[in-house]
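Have a look at the structure below before the remarks.
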Amino acid sequence: MGTDTPGIPIAGGIEAGLDRTRPHGTRGTYLEVVHSWVVTVDHKKLGILYISYALIFLVVAGVEALLIRIQLSIPHNTFVSAASFNRLFTMHGTTMVFLVGMPILFGFGNYLIPLMIGARDMAFPRLNAFSFWISAFAGILLYYSFIGGVGLSGTGSAPDVAWFAYAPLTERAFSPGHTVDYWAVSLIASGIGSIGTAINILATVFCMRCKGMTLMRIPLLPWLYAVVSFLVLVAVSPLTAAQAMLMIDRYLGGHFFDTQAGGSAILWAHFFWIFGHPEVYVLVLPAFAFANEIIPVFSRKAIFGYSAMVAASVCIAFISLGVWAHHMFTIGMTSFGNAFFTLSTMLVSIPTGIKTFNWLATIWGGKIRFETPMLFSIAFIFQFVIAGLTGIMLSISAWNWQTHNSYFVVAHFHYVLVGAIVFMIFAALYYWYPKMTGRMLDEHLGKWHFWLMVIGFHITFDTMHIPGLLGMPRQIYTYEPDRGWATLNMVISVGGFIQGIAVLIFVYNLVHSYFRGETAGADPWDAWTLEWSIPSPPPAYNFAADPVVSSRRPLWDLKHPEDQDAPYE
Amino acid sequence: MKSRVPLRDLVAAAGILNSCAAWAATPSTSTFSHASTPAREVNDLSFFVLTISAGIFLGVSVLLVYALFRYRARPGDTTEPPQVFGSVQIELAWTIIPILIIVMLFLGTARVLFSVQDARKPASAVDVTVVGHQFWWEFHYPQYNVVTANELHVPVSSAASPRPTFMKLTSADVIHSFWVPQLAGKTDLLPNRVNEMWIDPQSTGLYVGQCAQFCGTQHAKMLLRVYVDSPEGFQQWIAQQQKAQAEITADTQSSASTPINERDGQTVFEQQACINCHTVAGTVANGRFGPDLTHLMSRATLAAGATPNTPENLRAWIDDPTIFKPGSLMPAMHLTGRQNDQITAYLLTLK
Chain G
153 MGTDTPGIPI AGGIEAGLDR TRPHGTRGTY LEVVHSWVVT VDHKKLGILY ISYALIFLVV
213 AGVEALLIRI QLSIPHNTFV SAASFNRLFT MHGTTMVFLV GMPILFGFGN YLIPLMIGAR
273 DMAFPRLNAF SFWISAFAGI LLYYSFIGGV GLSGTGSAPD VAWFAYAPLT ERAFSPGHTV
333 DYWAVSLIAS GIGSIGTAIN ILATVFCMRC KGMTLMRIPL LPWLYAVVSF LVLVAVSPLT
393 AAQAMLMIDR YLGGHFFDTQ AGGSAILWAH FFWIFGHPEV YVLVLPAFAF ANEIIPVFSR
453 KAIFGYSAMV AASVCIAFIS LGVWAHHMFT IGMTSFGNAF FTLSTMLVSI PTGIKTFNWL
513 ATIWGGKIRF ETPMLFSIAF IFQFVIAGLT GIMLSISAWN WQTHNSYFVV AHFHYVLVGA
573 IVFMIFAALY YWYPKMTGRM LDEHLGKWHF WLMVIGFHIT FDTMHIPGLL GMPRQIYTYE
633 PDRGWATLNM VISVGGFIQG IAVLIFVYNL VHSYFRGETA GADPWDAWTL EWSIPSPPPA
693 YNFAADPVVS SRRPLWDLKH PEDQDAPYE
Chain C
3 MKSRVPLRDL VAAAGILNSC AAWAATPSTS TFSHASTPAR EVNDLSFFVL TISAGIFLGV
63 SVLLVYALFR YRARPGDTTE PPQVFGSVQI ELAWTIIPIL IIVMLFLGTA RVLFSVQDAR
123 KPASAVDVTV VGHQFWWEFH YPQYNVVTAN ELHVPVSSAA SPRPTFMKLT SADVIHSFWV
183 PQLAGKTDLL PNRVNEMWID PQSTGLYVGQ CAQFCGTQHA KMLLRVYVDS PEGFQQWIAQ
243 QQKAQAEITA DTQSSASTPI NERDGQTVFE QQACINCHTV AGTVANGRFG PDLTHLMSRA
303 TLAAGATPNT PENLRAWIDD PTIFKPGSLM PAMHLTGRQN DQITAYLLTL K
């Protein structure tokens with residue numbers, strides 16, 4: 153393929169001056185603007201809707217986290233009641249996973265995949281709009297529960313059964329009222345949206361690629377999103393099925409999980425975790441995808457071991473479908489069952505290790521530019537290594553008998569969800585915000601955001617491992633003063649507030665830069681994938697003419713006609 | 003795996019964690035201050051794993067920090083570095099080395115896993131059946147025909163005369179989890195199912211823990227106390243618990259001017275709804291929904307460890323359980339102050 157000469161067919165070119173940042177206030181009345189966003193089937197607008205929706209819920213769930221931290225900062229605190237506390241942590245977990253994690257990752261997928269594979273939209277634009285609006289409905293429904301029942305001060309009918317909602321606590325005998333109904337129905341709705349988006353992404357990545365983009369030339373981000381979509385299809389379906397069974401139990405006299413009528417509590421645990429563990433990879437693989445795009449650009453080197461990265465991602469997806477019972481080491485499995493899930497869980501560390509070492513090798517020998525997206529990515533690598541190691545510790549089933557359901561687990565999964573995923577979401581926002589809005593995020597505020605976030609994160613989540621090892625279980629609204637957990641909890645809470653300040657700075661940066669930010673131009677980072685070949689923000693049709701590529705880095709080829717990539721791939 | 007003590011010295015984290023444990027006033031809930039074989043074996047395994055993990059973390063961090071420093075972009079340099087696309091040999095190396103580490107970790111885990119989980123029960127073992135309730139613990143000793151709540155008494159066990167306690171765990175309502183970190187890892191209590199675990203505490207004293215599976219409003223105050231008694235102390239405790247209480251005949255002469263006494267207290271206790279849920283062996287009270295009160299005053303705490311068992315707390319608890327434990331399934335019975343005093347007087351006799 154080395155004879156192809158790329159360049160001309162890439163619509164728009166990379167020449168400067170193609171900035172089409174629109175003058176604000178010249179696009180019709182407010183009503184017309186709102187209308188255009190509500191009826192849109194444009195993947196870019198839907199992507200931005202997903203991301204905005206998720207950022208709003210990120211702030212909401214962050215506030216819930218801070219309320220939790222105030223309550224736990226001193227023993228025997230009475231800041232919130234036991235019942236309210238249980239609602240807060242249930243809503244915090246459910247929101248962060250279903251209304252922040254999934255939507256924001258789908259938002260980036262929606263926005264970037266067609267641009268990176270040289271397509272003009274997703275394969276099914278109307279399904280795309282449907283998926284977003286049903287997910288948005290799920291979020292509104294879940295939060296409507298705060299207004300029901302005893303109202304906001306007692307936090308209404310908000311779910312209070314923990315985010316994994318173990319049966320039989322969710323059965324009507326133990327959860328009368330509608331708390332569980334809000335939870336189950338809104339998760340069914342968001343599950344339908346997720347499945348719709350997964351089908352859409354799979355069809356887009358495999359059917360809509362531009363000329364010349366063979367499977368092994370797809371940029372890693374769309375590749376990893378295809379893997380994620382496969383996982384969503386396989387993993388979200390059991391969750392939706394389990395929610396339907398739960399509703400049958402509650403309202404149609406079923407006994408799937410109703411232990412008082414002979415149902416099985418363990419059955420729910422199996423259903424939930426066969427969803428719940430792949431879900432972790434549904435959330436973390438997009439974070440890997442961002443790292444795969446950002447780290448090479450800021451190291452000025454091609455990703456090391458592209459095919460190993462693809463293979464490792466596919467491996468992670470398959471192995472992750474066989475590890476779910478490591479959430480159930482204390483539930484009374486046989487010793488052979490425990491041994492099996494110990495080994496299968498440890499196996500995940502091999503492909504994830506390959507990824508980490510490949511990022512390291514990409515940095516190695518590069519010329520590293522420390523701009524905000526790269527700072528977040530570097531912190532991500534450090535934190536992900538630690539999260540992976542505590543993951544191995546938790547997979548040791550015998551040790552897990554001690555650490556399970558303790559703050560050690562809480563620290564571990566926040567290391568993954570915040571230290572890896574949220575950090576990479578921030579990196580991705582700094583990296584692609586110029587493409588989406590035509591303006592750069594403020595670099596000075598970005599550094600403040602980064603350093604406060606890193607400091608707050610480590611104060612909170614490094615410390616949080618210790619009370620777990622000192623016997624503090626999760627999901628308790630208060631604790632005894634004589635257990636030696638009080639100082640540690642105060643430290644954790646202080647770190648939480650530092651992260652809160654960091655996020656406030658970030659929100660200010662998002663709004664401020666939208667109006668006042670420096671103009672970005674088409675290619676502010678000197679990057680190599682197709683989205684940087686078109687103006688920022690891109691026109692509705694994306695590419696004026698269908699692009700043609702001859703390697704994984706079409707813009708590198710364009711910028712270095714003497715040093716084409718194709719012979720080396 | 004044989005060099006347990008030197009390994010411990012190697013791990014810097016261990017020192018920090020153990021000193022954290024020392025902050026705690028006794029009794030400790032640290033998973034590192036083990037006092038029973040299952041907890042000790044897990045503890046030794048955890049130091050083995052921590053050592054390997056610390057090694058991996060240090061290795062990766064040093065490489066990353068070095069790379070970040072060594073390969074930082076120099077000001078003014080606008081050239082691109084040499085492009086490297088990968089290397090099969092290197093990829094193989096960082097696939098195979100982790101596989102070897104995993105084999106090592108898995109074998110270490112399997113040894114502890116099978117030795118703890120599949121341990122044989124000796125004939126000298128004490129049997130206990132644990133039943134989890136929203137938000138308290140029920141303990142049966144089938145060998146001794148004793149029932150108690152929230153405070154488990156077990157005999158000390160030594161290498162010379164092993165006397166482990168083997169527990170069968172189940173639940174009356176939702177899932178709970180039995181966790182006393184110094185004695186063993188946790189095991190869940192599930193409705194419609196019996197799980198098993200064992201402990202062999204090596205020294206006498208009080209060990210504390212709590213429910214480790216979210217089970218509803220008062221999950222946080224489902225505390226657990228295990229008293230490890232000397233062999234003689236345990237025999238005495240069993241003998242005491244086996245005694246039934248006497249039914250006192252109601253004093254028909256009682257009137258508003260009669261001083262508060264336990265006789266009237268028992269009458270009120272048996273005429274109100276108390277006996278629907280509570281048992282006092284030897285009397286008509288045989289409810290099963292709440293804790294057995296036959297020897298209430300032999301327990302140090304009320305409401306699964308929520309508060310010390312003093313006469314004032316007992317009276318306040320009967321008056322309104324939500325003071326100590328909002329969400330507790332015991333209702334406030336709306337008794338008069340006098341009835342409350344009488345019931346308290348009666349319960350104080352249940353030694």
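In order, the protein sequence lines correspond to chains G and C. Position one of the first sequence corresponds to residue 153 (the numbering used here), numbered consecutively onward. Position one of the second sequence corresponds to residue 3 (the numbering used here), numbered consecutively onward. The C-beta atom is built at its ideal place from N, Cα and C for all residues, glycine as well.
What does the alpha-carbon distance come out to for the pair residue i and residue j?
{"i": "residue 128/C", "j": "residue 140/C", "result": "16 Å"}
{"i": "residue 673/G", "j": "residue 264/G", "result": "17 Å"}
{"i": "residue 692/G", "j": "residue 199/G", "result": "13 Å"}
{"i": "residue 301/C", "j": "residue 599/G", "result": "58 Å"}
{"i": "residue 172/C", "j": "residue 417/G", "result": "12 Å"}
{"i": "residue 206/C", "j": "residue 206/G", "result": "54 Å"}
{"i": "residue 576/G", "j": "residue 566/G", "result": "14 Å"}
{"i": "residue 203/C", "j": "residue 38/C", "result": "4 Å"}
{"i": "residue 58/C", "j": "residue 283/G", "result": "42 Å"}
{"i": "residue 640/G", "j": "residue 615/G", "result": "7 Å"}
{"i": "residue 165/C", "j": "residue 111/C", "result": "26 Å"}
{"i": "residue 146/G", "j": "residue 578/G", "result": "Residue 146/G is absent from the structure shown; chain G starts at 153 and stops at 721."}
{"i": "residue 153/C", "j": "residue 306/C", "result": "8 Å"}
{"i": "residue 695/G", "j": "residue 516/G", "result": "35 Å"}
List, in chain order, every chain A residue whose beta-carbon is nearer than 9 Å to that of residue i.
{"i": "residue 208/C", "result": "Protein chains in the displayed structure are G and C, and chain A is not among them."}
Got a sec? Which residues, its chain only, sit under 8 Å from residue i by beta carbon, not counting five neighbours each side?
{"i": "residue 508/G", "result": "533, 536, 537 and 540"}
Check each candidate in the options and name the one with the smallest Cα separation from residue i.
{"i": "residue 181/C", "options": "190/C, 118/C and 174/C", "result": "190/C"}
{"i": "residue 300/G", "options": "599/G, 294/G and 308/G", "result": "308/G"}
{"i": "residue 235/G", "options": "158/C, 248/C, 271/C and 217/C", "result": "217/C"}
{"i": "residue 339/C", "options": "328/C, 201/C, 212/C and 319/C", "result": "319/C"}
{"i": "residue 133/C", "options": "346/C, 221/C and 193/C", "result": "193/C"}
{"i": "residue 374/G", "options": "717/G, 721/G, 682/G and 713/G", "result": "682/G"}
{"i": "residue 220/G", "options": "646/G, 279/G and 479/G", "result": "646/G"}
{"i": "residue 543/G", "options": "330/G, 587/G and 560/G", "result": "560/G"}
{"i": "residue 175/C", "options": "336/C, 331/C and 342/C", "result": "331/C"}
{"i": "residue 430/G", "options": "619/G, 474/G and 352/G", "result": "474/G"}
{"i": "residue 727/G", "options": "433/G, 274/G, 471/G and 341/G", "result": "Past the boundaries of the shown model lies residue 727/G; chain G is included only from 153 to 721, so the question cannot be answered."}
{"i": "residue 518/G", "options": "47/C, 73/C and 48/C", "result": "73/C"}
{"i": "residue 222/G", "options": "494/G, 642/G, 677/G and 470/G", "result": "642/G"}
{"i": "residue 50/C", "options": "548/G, 272/G and 297/G", "result": "548/G"}
From the DSSP output, in three-state form, read off residue i for me.
{"i": "residue 297/C", "result": "coil"}
{"i": "residue 114/G", "result": "Residue 114/G falls outside the range modelled here, since chain G spans only 153 to 721, and no answer is possible."}
{"i": "residue 212/G", "result": "helix"}
{"i": "residue 292/C", "result": "coil"}
{"i": "residue 132/C", "result": "strand"}
{"i": "residue 396/G", "result": "helix"}
{"i": "residue 334/C", "result": "coil"}
{"i": "residue 175/G", "result": "Unreliable placement is indicated for residue 175/G, whose pLDDT of 49 sits below 50; the coordinate value is still reported in the next sentence. Correct three-state label for residue 175/G: coil."}
{"i": "residue 298/G", "result": "coil"}
{"i": "residue 553/G", "result": "helix"}
In chain order, what residues of the same chain have a beta carbon less than 6 Å from the beta carbon of residue i, not counting five sequence neighbours either side?
{"i": "residue 335/G", "result": "311"}
{"i": "residue 316/G", "result": "424"}
{"i": "residue 344/G", "result": "286"}
For residue i, which residues from the same chain have a beta carbon less than 7 Å from its beta carbon, with the 5 sequence-adjacent residues on both sides left out?
{"i": "residue 275/C", "result": "335"}
{"i": "residue 511/G", "result": "443, 447 and 533"}
{"i": "residue 36/C", "result": "42, 45 and 184"}
Interface positions of the segment 554-579 of chain G facing chain C (Cβ-Cβ less than 8 Å), listed along the chain: Residues of the segment 554-579 of chain G that bring their beta carbon within less than 8 Å of a beta carbon in chain C comprise 554, 555, 556, 557 and 558, in sequence order.
Contact set between the segment 452-484 of chain G and chain C, restricted to residues whose Cβ is under 7 Å from the partner: Within the segment 452-484 of chain G, the residues whose Cβ lies closer than 7 Å to some Cβ of chain C are 452, 453, 454, 456, 457, 458, 460, 482, 483 and 484, listed in chain order.
Residues of the segment 405-418 of chain G with Cβ closer than 9 Å to any Cβ of chain C, in chain order: From the segment 405-418 of chain G, only 411, 412, 414, 415, 416, 417 and 418 have a Cβ closer than 9 Å to chain C.
Interface residues of the segment 316-331 of chain G facing chain C [CB-CB below 7 Å]: In summary, the residues of the segment 316-331 of chain G whose CB is separated from some CB of chain C by less than 7 Å are 318, 320, 321 and 326, in the order they occur in the chain.
Interface positions of the segment 599-625 of chain G facing chain C (Cβ-Cβ less than 7 Å), listed along the chain: Those would be 618, 621, 622, 623 and 625, in chain order.
Contact set between the segment 87-105 of chain C and chain G, restricted to residues whose Cβ is under 8 Å from the partner: Answer set for the segment 87-105 of chain C: 87, 88, 89, 92, 93, 96, 97, 100, 101 and 104.
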